[in-house]
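Have a look at the structure below, then the notes.
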Amino acid sequence: MEMDIEEASGTKEGNPVLVILVGAPGSGKSTFCEEVMRSSTRPWVRVCQDTIGNGKAGTKAQCLSSADRALKDGKSVFIDRCNLDKVQRSEFVKLGSGPQIDVHAIVLDLPAKLCISRSVKRSGHEGNLQGGKAAAVVNRMLQKKELPKLIEGFNRITFCQSESDVKDAINTYSALGPLDNLPNGCFGQKSPDAKIQVGIMRFLKKSEVPVDTASRANGIKESTSQTHGNVDPCSKDTEKVSSISDNAYLESKEVQGQAVGSTSSDANQDVPTLAFPSISTSDFQFNHEKAADIIVDKVVEFSNKIGNARLVLVDLTHKSKILSLVKAKAAEKNVDTQKFFTHVGDITHLYSTGGLRCNVIANAANWRLKPGGGGVNAAIFNAAGSELEYATKEKAKSLSPGNAIFVPLPSSSPLFTREGVTHVIHVLGPNMNPQRPNYLNNDYNKGCKILQDAYAALFEGFVSILRTQAEQTNLRNENLGNQSLALQNKSESCYKNHFTNTDQKSKRDADHGSEKSKKYKGTQDYFGLTFTDSRDEKVDSEHRRTDGSTNKAWSSWAQALHQIAIHPEKHKDVLLEISEDIVVLNDAYPKAQKHVLVLARTRGLDCLADAQNEHLQLLKKMHDVGLKWAEKLLHENASLVFRLGYHSVPSMRQLHLHVISQDFESKHLKNKKHWNSFNTAFFRDSVDVMDEISSHGKATLKDDDKLLSMELRCHRCRSAHPNIPRLKSHISNCQATFPAHLLQNGRLVNASSEPKNND
Numbered sequence: 001m002e003m004d005i006e007e008a009s010g011t012k013e014g015n016p017v018l019v020i021l022v023g024a025p026g027s028g029k030s031t032f033c034e035e036v037m038r039s040s041t042r043p044w045v046r047v048c049q050d051t052i053g054n055g056k057a058g059t060k061a062q063c064l065s066s067a068d069r070a071l072k073d074g075k076s077v078f079i080d081r082c083n084l085d086k087v088q089r090s091e092f093v094k095l096g097s098g099p100q101i102d103v104h105a106i107v108l109d110l111p112a113k114l115c116i117s118r119s120v121k122r123s124g125h126e127g128n129l130q131g132g133k134a135a136a137v138v139n140r141m142l143q144k145k146e147l148p149k150l151i152e153g154f155n156r157i158t159f160c161q162s163e164s165d166v167k168d169a170i171n172t173y174s175a176l177g178p179l180d181n182l183p184n185g186c187f188g189q190k191s192p193d194a195k196i197q198v199g200i201m202r203f204l205k206k207s208e209v210p211v212d213t214a215s216r217a218n219g220i221k222e223s224t225s226q227t228h229g230n231v232d233p234c235s236k237d238t239e240k241v242s243s244i245s246d247n248a249y250l251e252s253k254e255v256q257g258q259a260v261g262s263t264s265s266d267a268n269q270d271v272p273t274l275a276f277p278s279i280s281t282s283d284f285q286f287n288h289e290k291a292a293d294i295i296v297d298k299v300v301e302f303s304n305k306i307g308n309a310r311l312v313l314v315d316l317t318h319k320s321k322i323l324s325l326v327k328a329k330a331a332e333k334n335v336d337t338q339k340f341f342t343h344v345g346d347i348t349h350l351y352s353t354g355g356l357r358c359n360v361i362a363n364a365a366n367w368r369l370k371p372g373g374g375g376v377n378a379a380i381f382n383a384a385g386s387e388l389e390y391a392t393k394e395k396a397k398s399l400s401p402g403n404a405i406f407v408p409l410p411s412s413s414p415l416f417t418r419e420g421v422t423h424v425i426h427v428l429g430p431n432m433n434p435q436r437p438n439y440l441n442n443d444y445n446k447g448c449k450i451l452q453d454a455y456a457a458l459f460e461g462f463v464s465i466l467r468t469q470a471e472q473t474n475l476r477n478e479n480l481g482n483q484s485l486a487l488q489n490k491s492e493s494c495y496k497n498h499f500t501n502t503d504q505k506s507k508r509d510a511d512h513g514s515e516k517s518k519k520y521k522g523t524q525d526y527f528g529l530t531f532t533d534s535r536d537e538k539v540d541s542e543h544r545r546t547d548g549s550t551n552k553a554w555s556s557w558a559q560a561l562h563q564i565a566i567h568p569e570k571h572k573d574v575l576l577e578i579s580e581d582i583v584v585l586n587d588a589y590p591k592a593q594k595h596v597l598v599l600a601r602t603r604g605l606d607c608l609a610d611a612q613n614e615h616l617q618l619l620k621k622m623h624d625v626g627l628k629w630a631e632k633l634l635h636e637n638a639s640l641v642f643r644l645g646y647h648s649v650p651s652m653r654q655l656h657l658h659v660i661s662q663d664f665e666s667k668h669l670k671n672k673k674h675w676n677s678f679n680t681a682f683f684r685d686s687v688d689v690m691d692e693i694s695s696h697g698k699a700t701l702k703d704d705d706k707l708l709s710m711e712l713r714c715h716r717c718r719s720a721h722p723n724i725p726r727l728k729s730h731i732s733n734c735q736a737t738f739p740a741h742l743l744q745n746g747r748l749v750n751a752s753s754e755p756k757n758n759d
């Protein structure tokens, strides 16, 4: 056993020891106490909550009182409770806060299968925790496990991961005489390359634990995260133990028959979760090795976009080749096991028989989006009932390879009522089976691209659902203040009436996209085009996003740029330039004489917050294309001055670079937010964005709403103006030099400047 010994600050002789046992039911806590007390010469008292009330179960307060009395009498004490989290241990640790008491922890971190086996088989248990019900309790408690650290107040922590470790610890404490002390520190940390415990649920399948219907209200909790503290000399190694134990729990989800968690109010019990099968590797016969690489790559790509949500790869059998490959590749890339793991079970019964609550499930659909055909598709349509078939028809009639569409599941569907599934995402991958439609004739270059697109579409659909839910939550919160806001606005209107129509103050809460909301019904009016056919789209038009501290909807009109970038061939009449990486077009509602947009065509690159090092070359190309168009427009009108940049939080989906002339002469520039979005720190110059991503891997976002509500100031002389008409009147005549910072580093482009390429 490895040791990490903390030097004692002084010589101690025979201090009472408070030993807090940490372990699930069946880990051997009571046996540990009994064996030590049987052979030790030190006076020990065992405090057990199962028997504290005159041989019957009692309370935590009774345990604290009994332990305190024994310590004051100079006796050493075993706290025989599960003590699986910091909160449960904290009050007992405080009992040893004085210098005359040593506080130890014995962590019986034994394999889950062993704990369940002992709990189920035992009889006459003091707390009556035995038989079939014990398995569910052990499962629930292990989910809450938080391994102890010295920083909690312990002098010594001993970790036991096997029965031999436990025997060694028993011998150590049995030999502890009345005048003896043990060295402080952490002992017995498992090495990082040690074998992970056998999954807990592998045994639960044999136990056939009934599902507690009351527990369905809250679902099952993910493995508990650890408290991180850099002052704890044991914390690093302890976290390794924690990680191994948590991985054991996560691996345990790869079996059927998982017991359901209790009705705990813990917030993590309702973590949004997408369960998905491996796409195209079964009936479509796609190469498993290639598919596993793509799955892990896409999980890594989207892990930062799903917040605290989870992705779960599901298959029916423990012998699944794809699960084994994905697990191994995910481990190699250090994928966060709290955000992604694998599970063995029926995707249509994950909660009722496995205890794994997944509010969204993916369906490996056929191109007709019809039931039947066997496999996952048939199972999901059958489990969801006719409700899913009707809801799918409302969304689309067919699906092409590499695409996905999400369908809200009616509350009358059995999948909704029994499993808690709120959405099904239909996704279609590439086909390598000559007996099935859209056969690719083993063209894996094309096949891999289609499968990458399919998983990107699937995960984008899940992100869209998350964003919609976040927006709905925010709307509910906003409604709480509507009444007081209305009263406030009524009061403010009294003051506004004192201004003339010309000098009327601009509304601070003017919507940056208000004219668009009014004019873009659907997305037809934005470019005079119609984008209503969702069959060819990766996800439907109600894609949502969350940027920084704000929650904002990608409403239908906000999808226009995204659809143009993804399908430029459909919109050639509005495009100035098309290439593999970018498209260029005039802004349909320009805020200046010349206002051009350079769009990235990369999927998942919705806004500046998504841009990372891997996108740097694309950003440079966008900048160079923007310079080219600025130069072209300068040939037409040499008096213009251009600025290239991005909005910190855009109003439309798909990363786009603004190439905008600085005259701001436009009927579409109507309110304070329009002006400030281009003339405050909210607008990030392209050259600065490229420098920041090159140096730090991301751009600095100035997304404070206060920037958009700042007073109106001329972008040249910085003079203040009460409203947009007054500002426009001023800037049409202002000949002041631009601020010094705009004249540096090529932020402004005019006829006398020499555009620089960024190759």
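Counting in the UniProt record's numbering, the sequence shown runs from 1 upward without gaps. Beta carbons: idealized from backbone N, C-alpha and C, even for Gly. Quick caveat: nothing in here was measured; it's all calculated off a predicted structure.
Check: Excluding sequence positions up to five away, which residues of its chain have a Cβ less than 7 Å from the Cβ of Ser27?
Finding: As a working note, residue 27 is residue 27 in the sequence shown. Closer than 7 Å at the Cβ level, and outside the excluded window around Ser27, lie Leu108, Leu110 and Cys115.
For Pro408, the first and last residue of its enclosing beta strand (DSSP E)
Counting from 1 along the sequence shown, the entry for residue 408 is found at position 408. From DSSP, the beta strand (DSSP E) with Pro408 extends over Ala404 to Pro408.
Paired residues, beta bridge with Glu577 - DSSP | The sequence position of residue 577 within the sequence shown is 577, counting from 1. Partner(s): Val584.
* Asked: Alpha carbon to alpha carbon, how far is Ile20 from Gly96?
  -> As a working mapping, residue 20 is identified with position 20 in the sequence shown. As a working mapping, residue 96 is identified with position 96 in the sequence shown. Distance between the alpha carbons of Ile20 and Gly96 is about 11 Å.
#### Entry: Where Arg310 falls, given that 16 or more other Cβ within 10 Å makes a residue buried
On the sequence shown, position 310 is the one that residue 310 refers to. Looking at its Cβ environment, which holds 16 or more other Cβ atoms inside 10 Å, Arg310 is buried.
Can you tell which of Lys632, Pro650, Ser648 and Ala379 has its C-alpha closest to the C-alpha of Phe642?
To locate residue 642, count along the sequence shown from 1; it is residue 642. It is Lys632 whose Cα lies nearest to the Cα of Phe642.
Q) Going along the chain, which residues of its own chain have a beta-carbon closer than 8 Å to the beta-carbon of Ile79, five neighbours each way excluded? A) Sequence index remark: in the sequence shown, residue 79 carries index 79 (1-based). If we look at Ile79 and ignore the five residues flanking it on each side, its Cβ neighbours are Leu18, Val19, Ile20, Leu21, Val47, Cys63, Ala67 and Phe92.
Fill in: Ser484, DSSP secondary structure in three states
Position 484 of the sequence shown, counted from the first residue, corresponds to residue 484. Confidence at Ser484 is low in this model, with a pLDDT of 46, below 50, so its placement is unreliable and the value that follows should be read with caution. If DSSP states are grouped into helix, strand and coil, Ser484 belongs with the helices.
Checklist entry - Buried or exposed: where does His741 fall if 16 or more other Cβ atoms within 10 Å of its Cβ makes it buried? => result Counting from 1 along the sequence shown, the entry for residue 741 is found at position 741. Flag for His741 reads exposed.
In this structure, does DSSP put Cys607 in helix, strand or coil? In the sequence shown, the residue the question calls residue 607 occupies position 607. Coil.
TODO: In the DSSP assignment, find the unbroken alpha helix (DSSP H) run with Arg38 in it and report its ends.
DONE: In the sequence shown, residue 38 corresponds to position 38, counting from 1. Arg38 -> alpha helix (DSSP H) spans Lys29 to Ser39.
*Which stretch, first to last residue, makes up the beta strand (DSSP E) that contains His623?*
Along the sequence shown, read from residue 1 onward, the residue named residue 623 stands at position 623. That residue, His623, is in no beta strand (DSSP E); its alpha helix (DSSP H) goes Leu616 to Glu636.
- Message: My output table needs one value for Pro277: the three-state DSSP class, helix, strand or coil.
- Response: For the purposes of this step, residue 277 is taken as the residue at position 277 of the sequence shown. Correct three-state label for Pro277: strand.
Cα-Cα separation between Lys395 and Gly345, rounded to whole angstroms: Your numbering for residue 395 matches position 395 in the sequence shown. Your numbering for residue 345 matches position 345 in the sequence shown. Cα-Cα distance, rounded: 28 Å.
message = According to DSSP, is Trp675 part of a helix, a strand, or is it coil?
response = Within the sequence shown, numbered from 1, the residue matching residue 675 stands at position 675. Three-state result, Trp675: helix.
| message | Please state the DSSP three-state secondary structure of Asn184. | response | For this step, residue 184 is matched to residue 184 along the sequence shown. Three-state DSSP puts Asn184 in a strand.
> Hey, does Gly746 have any beta-carbon neighbour from chain D nearer than 8 Å?
Replying inline: Protein chains in the displayed structure number just one, and chain D is not present.
Query raised in the report: With which residues is Asn363 paired in a DSSP beta bridge?
Result: Along the sequence shown, one-based indexing puts residue 363 at 363. Answer by DSSP bridge pairing, in chain order: His426.
Is the beta carbon of Met652 less than 8 Å from the beta carbon of Ala558? Counting from 1 along the sequence shown, the entry for residue 652 is found at position 652. Counting from 1 along the sequence shown, the entry for residue 558 is found at position 558. Taking 8 Å as the Cβ cut-off, Met652 and Ala558 qualify as a contacting pair.
- If you compare alpha carbons, which of Asn671, Glu34 and Phe284 is closest to Pro437? Residue mapping note: residue 437 aligns to position 437 of the sequence shown, counting from 1. If we check each option's Cα against that of Pro437, Phe284 comes out closest.
Residues bridged to Thr342 [DSSP beta-bridge criterion]
Residue mapping note: residue 342 aligns to position 342 of the sequence shown, counting from 1. Beta-bridge pairing links Thr342 to Leu313.
Practice problem: Tell me, please, whether the region 678–694 touches the region 723–733 by the rule of three or more beta-carbon pairs shorter than 8 Å. | Solution: no
(request) Report all residues from its chain with a CB closer than 6 Å to the CB of Lys329; omit the five preceding and five following residues, and keep chain order. (result) The residue given as residue 329 occupies position 329 in the sequence shown. Excluding positions up to five away in sequence, the list reads Ala292 and Val296.
- Query: Since Thr158 sits in a beta bridge, which residues does DSSP pair it with?
  - Reply: Here residue 158 refers to the residue found at position 158 when the sequence shown is read from its first residue. Paired residues: Ile106 and Phe187.
Note to self: Starting from Asp705, trace the alpha helix (DSSP H) in both directions and tell me its first and last residue.
What the structure shows: Counting from one through the sequence shown, the residue named residue 705 turns up at place 705. Per DSSP, Asp705 belongs to the alpha helix (DSSP H) from Asp705 to Leu708.
- Applying the criterion that 16 or more other CB atoms from any shown protein chain within 10 Å of the CB defines a buried residue, is Thr737 buried or exposed? Within the sequence shown, the letter at position 737 stands for residue 737. Per the 10 Å Cβ criterion, exposed.
Pairwise C-alpha distance: Ser579 and Cys358:
In the sequence shown, counting from the first residue as 1, residue 358 sits at position 358. In the sequence shown, counting from the first residue as 1, residue 579 sits at position 579. The alpha-carbon atoms of Cys358 and Ser579 are separated by roughly 40 Å.
Review point. Taking Glu152 as the reference, which of Leu176, Gly185 and Leu399 has the closest Cα?
Key: Numbered from 1 along the sequence shown, position 152 holds the residue referred to as residue 152. Among Leu176, Gly185 and Leu399, the Cα nearest to that of Glu152 belongs to Gly185.
- prompt: Helix or strand or just coil, what does DSSP make of Ala600?
  reply: Numbered from 1 along the sequence shown, position 600 holds the residue referred to as residue 600. Ala600 falls in the strand class under three-state DSSP.
ask   = Relative to the C-alpha of Leu743, which residue among Asp685, Ile465 and Lys298 is closest?
value = The residue given as residue 743 occupies position 743 in the sequence shown. Ranking Asp685, Ile465 and Lys298 by Cα distance to Leu743 puts Asp685 first.
Just how far apart, CA to CA, sit Thr532 and Pro739?
-> In the sequence shown, residue 532 corresponds to position 532, counting from 1. In the sequence shown, residue 739 corresponds to position 739, counting from 1. Because Thr532 carries a pLDDT of 39, less than 50, the predicted location of this residue cannot be relied on, and the following value inherits that uncertainty. Going by the C-alpha atoms only, they are around 45 Å apart.
* **the region 385–399 touching the region 364–372, judged by at least three CB pairs closer than 8 Å** => yes
**Prompt:** Within this structure, are the beta carbons of Pro430 and Ala362 separated by less than 8 Å?
**Reply:** As a position in the sequence shown, residue 430 is number 430, starting the count at 1. As a position in the sequence shown, residue 362 is number 362, starting the count at 1. No, the pair does not count as a contact, with Cβ atoms beyond the cut-off.
My guess is that Gly14 and Leu179 are in contact by the Cβ rule of under 8 Å, so how many angstroms apart are they, rounded? Translated into the one-based positions of the sequence shown, residue 14 becomes position 14. Translated into the one-based positions of the sequence shown, residue 179 becomes position 179. So it is a contact: roughly 4 Å between Cβ atoms.
Excluding sequence positions up to five away, which residues of its chain have a Cβ less than 8 Å from the Cβ of Leu748?
As a working note, residue 748 is residue 748 in the sequence shown. Excluding sequence neighbours, Leu748 sits near Val641, Phe642, Arg643, Gln662, Phe738 and Leu742.
Review point. Cα-Cα, which of Ala331, Val687 and Val312 is closest to Leu350?
Key: What you label residue 350 is simply residue 350 of the sequence shown in a count that begins at 1. Looking at the Cα atoms, Val312 is the closest of the given residues.
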